[in-house]
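The structure appears right after this line, and notes come after that.
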Amino acid sequence: MPAETRSLQDTVVAITGATAGIGAATARLLVEAGARVALGGRRTDRLDALVAELGPGNAVAVTCDVSRPADNAALVAAAVNTWGKLDSVVPNAGMGLYGSILDHTDERVAEMMDTNYAGTVWTVRAAVPEMLRTTGGGDIVIVASVAGLRGGGDEAVYAGTKFAQVGLAGALDRELGAKGIRVTAVCPAGVDTEFALGTGRTPGSPILETYLRPEDVAFAVVTVLAQPRRLRTTLWSLWSMGQQS
Ligand SMILES: NC(=O)c1ccc[n+]([C@@H]2O[C@H](COP(=O)([O-])OP(=O)(O)OC[C@H]3O[C@@H](n4cnc5c(N)ncnc54)[C@H](OP(=O)(O)O)[C@@H]3O)[C@@H](O)[C@H]2O)c1
């Protein structure tokens with residue numbers, strides 16, 4: 001590792017979608033690295049369980065629906081009120097729908113766009129002013145998807161929301177770099193989480209053994225955060241050795 005790898009000790013990171021999968025794995029790895037985490041998600045019981053696991057001194061949780069701007073502001077406020085600052089934010093909350101664009105209800109399509117794309121925008125809008133005010137910089141690490149680089153034929157609307165996240169990350173990199181904020185889109189291929197179940201996949205399906213693990217994506221997020229400040233990674237497409245690119 002380069003000598004100037006950044007220590008994450010006592011840094012404060014807000015994570016959305018922290019009740020499961022990649023978000024929860026990222027929270028665990030960050031706390032292992034000495035960071036403090038503010039956890040957002042809609043399922044309060046899971047948030048409470050994760051705070052208890054990580055230790056109340058290391059984690060704070062806010063029941064939060066990312067499609068609501070005020071909920072994102074509450075998550076950021078919890079971090080700042082608890083630890084006095086916000087170093088970085090990981091907009092990770094997301095949902096997927098498989099099948100033709102014609103298969104889904106209007107409500108589910110709207111929910112996916114509101115969660116995956118608008119939710120990311122609301123999280124960023126809440127976090128950036130407080131990152132600039134309290135630490136003068138930091139990182140935004142958006143968990144997008146390889147579907148945001150080349151969409152599959154059974155996930156068109158989902159892919160569109162992920163392309164939007166990747167486009168947002170690139171534009172934010174150009175907007176915020178001069179202010180000291182690095183912006184990264186981490187784009188994983190299939191990950192073995194609750195999200196990946198569907199279209200014939202069930203818990204224990206053999207295909208899932210070839211998938212990334214949530215801890216793999218957490219590793220990417222933490223690696224990005226720990227980069228020396230003179231470096232930035234704008235895009236990371238992440239695959240397991242068993243996955244076809
Ligand atoms: N699994 C994959 O194959 C894969 C591949 C590439 C990219 N990704 C991306 O990775 C991210 C995390 O997914 P995952 O695989 O970890 O899935 P997961 O285990 O199903 O977790 C999804 C998380 O998003 C949260 N969430 C969903 N809607 C939300 C909302 N409106 N407000 C707040 N939180 C919300 C869920 O929490 P609550 O339900 O408690 O709110 C949960 O914590 C997503 O953005 C997904 O698109 C996943």
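According to the working numbering, the sequence shown is numbered sequentially starting from 1.
Cβ atoms here follow ideal geometry from the backbone N, Cα and C, with glycine treated the same way.
Predicted model only: the values in this text are computed from it and were never measured.
What span of residues does the beta strand (DSSP E) with R22 cover, start to end? Note that residue 22 is Ile in the sequence shown, not Arg. Here I22 belongs to no beta strand (DSSP E); instead the alpha helix (DSSP H) covers G21 to E32.
Alpha carbon of L149 to alpha carbon of M241, nearest angstrom: 19 Å
Applying the criterion that 16 or more other CB atoms from any shown protein chain within 10 Å of the CB defines a buried residue, is A178 buried or exposed? exposed
Does A59 get closer than 8 Å to chain B when you measure Cβ to Cβ? Among the chains in the structure shown there is no chain B, since it carries only a single protein chain.
Assign D154 to one of three DSSP states: helix, strand, or coil. coil
Residue nearest to C64 in terms of C-alpha spacing, selected from T115, V80 and G136: T115
Would L8 and L225 be called neighbours here (beta carbons separated by less than 8 Å)? yes
For I142: DSSP bridge partner residues: A185
So within the stretch 166-242, which uninterrupted alpha helix (DSSP H) runs reach at least 4 residues, ignoring any that extend past its ends? 214-225
Leaving out five residues on either side along the sequence, give the residues of the same chain with a beta carbon under 7 Å from the beta carbon of G152. A159
Distance, Cα to Cα, V180 vs G17? It should be noted that the sequence gives Gly, not Val, for residue 180. C-alpha separation (whole angstroms): 25 Å.
In this structure, how does DSSP classify L39 when only helix, strand and coil are distinguished? strand
Per the contact definition of three or more C-beta pairs closer than 8 Å, is the stretch 78-90 in contact with the stretch 202-212? no
In terms of residues, what are the limits of the alpha helix (DSSP H) holding T120? G119 to T134
Using the DSSP secondary-structure output, state which residues sit across from A14 in a beta bridge. A38 and V89
Rounded to whole angstroms, how far is the Cβ of C187 from the Cβ of L235, which I believe are closer than 8 Å? 7 Å
Does D103 pass the burial test, meaning 16 or more other C-beta atoms within 10 Å, or should it be called exposed? exposed
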